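Right, one structure below, let's go through it.
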Amino acid sequence: MNNQLTWLDKAIFYEIYPQSFYDTNADGIGDINGITQKLDYIRELGCTAIWLNPCFRSPFGDAGYDVEDYYTVAPRYGTNEDLVTLFREAHKRDMHVLLDLVPGHTAVTHRWFKESMKAEKNVYTDRYIWTDSVWEEPRGMGCIRGISERDGSCAVNFFSHQPSLNYGFYRPDPDCKWQQPMDAEGPLATREALKDIMRFWLKAGCDGFRVDMAGSLVKNDEESKGTIALWQDIRRFLDGEFPGAALVSEWGEPDKSLVGGFHMDFLLHFGPSHYNDLLRCDEPYFSRRGRGSAREFVAAYRENYEKVGGRGLICIPSGNHDMDRLARRLDPAEMKLVFAFLLSMPGAPFIYYGDEIGMRYVENLVSVEGGYGRTGSRSPMQWNKGLNAGFSSAPEEKLYIPLDDSEDRPNAESQCADICSLRSEVKRLIAFRQKHPALQSRGSITFLQDGYPLVYERACASQRIRVVINPSGEEAAVSDTGGTILYKVGNAAEIKGDSLYVAGGTAVFVEA
Ligand code: GLC
Ligand code: CA
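Adding 3 to a residue's 1-based position in the sequence shown gives its number in the numbering used here.
Structure representation (structure tokens):
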């Protein structure tokens, strides 16, 4: 089983979309040095780790999730040396950095793909999944065809410019000779190439990886048995060479990913998690209208939790570069309760840059680099009230994505100075979590109520904390909840006898 990394148990992650964080050379785009310069801001908030979105050479048809060279930092972000400096400066502050590993596909401009398109057989011929004829499409997958000398169609993994790397088929279809088994030469070589990339960056000082579409690697693999076996092999390699390397998966099925050797998995905003019921639907549970429901979320969470034997290593993000900003549906008071929830759940919490100040989704933007509807959640970080919100000193029209142009757009500097701000609340909640082991990654969780209020108990050997969150506008009473109120967010809460009274818009932490 996965060796335990103690830093991960207490980790609070901050996700950085490098192009939009901080621009130090006035070209309108964020850079690695900008992240290094802002490490103290992140640390001061209480975050102990960073997940950095892809920062490698790329044609940027999917914002860098189309990698052209896994070994080189994209010049627009700086150099490999800059990235190594970021690792070093993070470590000095007792912080850790996960890079984003995209193992499922590359850009069409990757040298491997260019070689793979050639008619003549070479070492990259089987690096991607190709059929034997341009007229035969790989069933169930999109494809690229008609642009290669080679006679064949190449399967794609996401956008149609992201060809699928070939890790083989769990059950190759005997009628499709081009489907190779996992242990064929080509798939094994792809796997070794992936290990090489990991080795390179771990040697350079990164602490591990967030793995993009981690469950997508082996094809014809309904139960994911092949993909799990592949990750177990990678975990063995890491345990041998880099036992401290952390792996967090974008998979959403912890019963598979944790068996595969990942330390933690993400709760996804699509699929069966019902996460969006809480934050991103017409009547989110966290709205004070009180018309939402947490029921299906709790049921799905519980099911996953039980499947992994109560190892609640399911990371819940405040948002990310693929989903709407929290502030699209919720106001700052409502978001404070969201953070009370996120920061008291098992698994490592992930805060998407700018969510700590309630940055808004910027409406009606033209898609940038394959962002489409996601573009509005990727706008530049708002640092202060200065030029371009302190993000960059480039002329406004040169910014990578337009800024939120509302006059009252939130900014970090003002919120740091205001003890009532969302950011100040997030900071206090992080500090509160870090003082109470029951609330951290490995504490157990038992849900007691899933209406208004939401009630759950977090526990570890030394402590039991009941969390009561009442986003609705109405006061609620919870029986059987005596003890000491350790912390409160929002309005009012009071214990009378054996009952707890929680005003609308309030979250309370009670120690039994
Ligand atoms: C993941 C990334 C997303 C990207 C996709 C393809 O879901 O988070 O941004 O577009 O994978 O790599
Ligand atoms: Ca720059």
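Glycine residues also receive a C-beta, built at the ideal position from the N, C-alpha and C atoms.
A quick note: this is a predicted structure, and the numbers were derived from the prediction, not measured.
Of the residues the options, the one placed nearest residue i, counting alpha carbons only
| i | options | result |
| --- | --- | --- |
| M1 | L48, I150, I237 and D72 | Here the chain has residues from 4 to 515 only, and residue 1 is not among them. |
| V100 | E71, F90 and V458 | F90 |
| S409 | L261, M185 and A392 | A392 |
| G361 | D327, D199, N367 and G373 | D327 |
| A297 | Q452, K499, P383 and A415 | Q452 |
| Y131 | F161, E92 and G171 | G171 |
| G295 | W115, Y455, R96 and T487 | Y455 |
| F273 | Y459, G247, N323 and G31 | N323 |
| A302 | L281, G293, F289 and Q165 | L281 |
| L442 | S417, F394 and E514 | E514 |
| S516 | Y304, D26 and T9 | Only positions 4 to 515 of the chain appear in the structure, and residue 516 is not among them; the question remains open. |
| G293 | W54, M185 and T509 | T509 |
| Y304 | A330, T230 and D268 | D268 |
| H113 | G145, S167, T484 and K310 | S167 |
| R60 | G49, I53, I45 and T82 | T82 |
| K499 | G485, F512, G493 and G507 | G485 |
| D210 | R79, K222 and A249 | A249 |
| L406 | A415, R363 and E152 | R363 |
| F435 | G218, P287, V492 and F16 | V492 |
| L316 | P352, Y288, M338 and I468 | P352 |
| V214 | V371, S23, A496 and D103 | D103 |
| D129 | R314, I433, G143 and S156 | S156 |
| G145 | V365, R153, F161 and S136 | F161 |
Closer than 7 Å: residue i CB and nearest ligand 1 heavy atom
| i | result |
| --- | --- |
| M201 | no |
| E514 | no |
| E253 | yes |
| D327 | no |
| M144 | no |
| V70 | no |
| F161 | yes |
| H272 | no |
| H164 | no |
| D65 | yes |
| H324 | yes |
| V111 | no |
| V511 | no |
| M216 | yes |
| V429 | no |
| V371 | no |
| V105 | yes |
Status (buried if at least 16 other CB within 10 Å, exposed otherwise) for residue i
| i | result |
| --- | --- |
| V126 | exposed |
| I422 | exposed |
| P275 | exposed |
| D43 | exposed |
| R1 | What is shown of the chain runs 4 to 515, which leaves residue 1 out entirely. |
| N56 | buried |
| W138 | exposed |
| K41 | buried |
| S465 | exposed |
| A158 | buried |
| A14 | buried |
| S502 | exposed |
| L340 | buried |
| K117 | exposed |
| M4 | Residue placement at M4 is poorly supported in this model, since its pLDDT is 48, which falls under 50; the coordinates still yield a value, given next. Exposed is the call here. |
| R461 | buried |
| H94 | exposed |
| E372 | buried |
| T86 | First, the residue type needs correcting, since residue 86 is Leu and not Thr in the sequence shown. So L86 counts as buried. |
| D334 | exposed |
Contact test: residue i Cβ vs ligand 2 heavy atom, cutoff 7 Å
| i | result |
| --- | --- |
| I32 | yes |
| D26 | yes |
Counterpart residues of residue i in DSSP-defined beta bridges
| i | result |
| --- | --- |
| A52 | F16 and H99 |
| I35 | Answer is none; I35 lacks a bridge partner. |
| R213 | D103 and V251 |
| C157 | W133 and I147 |
| E514 | I468 and T487 |
| L281 | Bridge partners of L281: none, in fact. |
| S509 | Checking the displayed sequence, the identity of residue 509 turns out to be Thr instead of Ser. According to DSSP, which records beta bridges pairwise, T509 is partnered with N473 and G493. |
| R60 | D72 |
| L168 | Y131 |
| D268 | S252 and I317 |
| P524 | Absent from the model: residue 524. The displayed extent of the chain is 4 to 515, so no value can be given. |
Where in the region 79 to 138 do unbroken runs of the beta strand (DSSP E), each at least 3 residues long, occur, reported from the N-terminal end onward? Entirely contained in the region 79 to 138, the beta strand (DSSP E) runs reaching 3 residues are, in chain order, 99 to 104.
To test your reading of the DSSP string, which unbroken alpha helix (DSSP H) runs of 4 or more residues are found completely within the region 419 to 505? 425 to 438, all fully within the region 419 to 505.
List in chain order: all unbroken beta strand (DSSP E) runs of 3+ residues lying wholly within the region 219 to 246. none
Kindly provide the ranges of any alpha helix (DSSP H) runs that are 4 or more residues long and lie completely inside the region 287 to 373, ordered along the chain. 298 to 310 and 335 to 345
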